[in-house]
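Just so we're aligned, residue 1 is where the sequence shown starts under full-length UniProt numbering, counting upward by one.
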Amino acid sequence: MSRTQTRREKLAEKEEAILQAATKAFLLGGLKAARMAEIAKAAQVAEGTLYLYYRNKEALFEAVVARHWDDLRRGAQKVVRAETDPVLQLETLASYTLDRIMGDRKLFELTLYLAHAGEGLTAATDRLGYVRVFDGVIERGRSEGVFTASANPKLLRDLFFGTLDYAARSALARGEDAASSRIIETLMTAMLAVLQPRAEDRDPGVEERLERAVARLEAVAERYPAG
1 MSRTQTRREK LAEKEEAILQ AATKAFLLGG LKAARMAEIA KAAQVAEGTL
51 YLYYRNKEAL FEAVVARHWD DLRRGAQKVV RAETDPVLQL ETLASYTLDR
101 IMGDRKLFEL TLYLAHAGEG LTAATDRLGY VRVFDGVIER GRSEGVFTAS
151 ANPKLLRDLF FGTLDYAARS ALARGEDAAS SRIIETLMTA MLAVLQPRAE
201 DRDPGVEERL ERAVARLEAV AERYPAG
């Protein structure tokens, strides 16, 4: 092992320790309450060393969020690759996404904070890699003739991710675990109503089918209110 390689590995180890410590600090107290000195202490590095990696607390916060989305992307790619059927890939991705939202809710909330604090472009760029996994599944289904090519990709993303986010928020507001199987089943029914319209449903336009799908989801939400 070369001296240069060893040095790079040590730098990478320090950065990983910093990001882990920063993640815990931000989850515990949010961006405002977290202190660089405390993060440096938890990471076992000098505060001056911390500033060599990140110019300020905001830059460190952005790095934590970017790391979160990169981890999500890699996990999503892994679960999708485990399936070959686009429908199963979509269902597997939905289950994975819901589980991660429920398990990492505070990190998702920190991401939303970043988006609303004037750093929307950064947050959107971080999310893009994850959304591309979803887009890849849809594109694969279209190329194989499993999904219709007429649906608007943006509307599909809104239906997919919006439903999962709302379901997780509702469950957390009630102080209970999300009923994953019911949520995923309802979501897949709505998605496939758009992506695989039955013969009797082919006449209405895509926009109308999306409206019907959303109406089904809202009906389910009314039966399980967040309050």
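In this text, a Cβ means the ideal position worked out from N, Cα and C, and glycines have one as well.
Asked: Go through its chain and collect everything with a Cβ distance to R67's Cβ below 6 Å, but skip five positions before and after it.; Found: L19
Asked: Cutting at 7 Å between CB atoms, please list the residues of its own chain near L121, excluding the five before and the five after it.; Found: With a pLDDT of 45 at L121, under the threshold of 50, the modelled position of that residue is not reliable, and the figure given next carries that caveat. Once the five neighbours on either side are set aside, L121 has no close Cβ partner at all.
Asked: Decide if the region 23-38 is in contact with the region 55-73; the criterion is three or more beta carbon pairs, one per stretch, under 8 Å apart.; Found: yes
Asked: Keeping to the same chain, check which residues put their C-beta closer than 6 Å to that of L31; ignore five residues upstream and five downstream.; Found: F61
Asked: Using DSSP with H/G/I as helix, E/B as strand and the rest coil, what is A43?; Found: helix
Asked: Put I18 into one of helix, strand or coil per three-state DSSP.; Found: helix
Asked: Which residue marks the beginning of the alpha helix (DSSP H) containing F61, and which one marks its end?; Found: 57-81
Asked: The alpha helix (DSSP H) spanning E91 covers which residue range?; Found: 86-103
Asked: By alpha-carbon positions, which one of A94, W69, K14, A82 ends up nearest to A46?; Found: K14
Asked: For D201 and R105, I'd like the C-alpha separation in whole angstroms.; Found: Per-residue confidence for D201 stands at a pLDDT of 48, beneath the threshold of 50, marking its modelled position as unreliable; the derived number appears in the next sentence. Approximately 37 Å, taken between the alpha carbons.
Asked: Can you check whether the CB of L90 is closer than 8 Å to the CB of V131?; Found: no
Asked: Please check the pair A151 and V194, which I expect to be a contact at CB under 8 Å, by giving their CB distance rounded to whole angstroms.; Found: 5 Å
Asked: Is the distance from the Cβ of L50 to the Cβ of A40 below 8 Å?; Found: yes
Asked: Measure the beta-carbon distance from L98 to A167 and round it to whole angstroms, keeping in mind my assumption that it falls under 8 Å.; Found: 7 Å
Asked: Residues in the same chain with beta-carbon distance under 8 Å from V80, minus the five sequence neighbours each way, listed in chain order, please.; Found: Q89, T92, L93, V133, G136, V137
Asked: By the three-class DSSP mapping on this structure, what secondary structure does T111 have?; Found: helix
Asked: What are the boundary residues of the alpha helix (DSSP H) that G145 is part of?; Found: Segment: none, G145 is in no alpha helix (DSSP H) and carries neither H nor E.
Asked: Can you give me the C-alpha to C-alpha distance between V64 and Y54, rounded to a whole angstrom?; Found: 11 Å
Asked: Under three-state DSSP, which class holds R182?; Found: helix
Asked: Between the C-alpha atoms of T111 and T148, what's the straight-line distance to the nearest angstrom?; Found: 33 Å
Asked: Going by beta carbon distance, what residues of the same chain come within less than 7 Å of F108, once the five residues before and after it are set aside?; Found: I101
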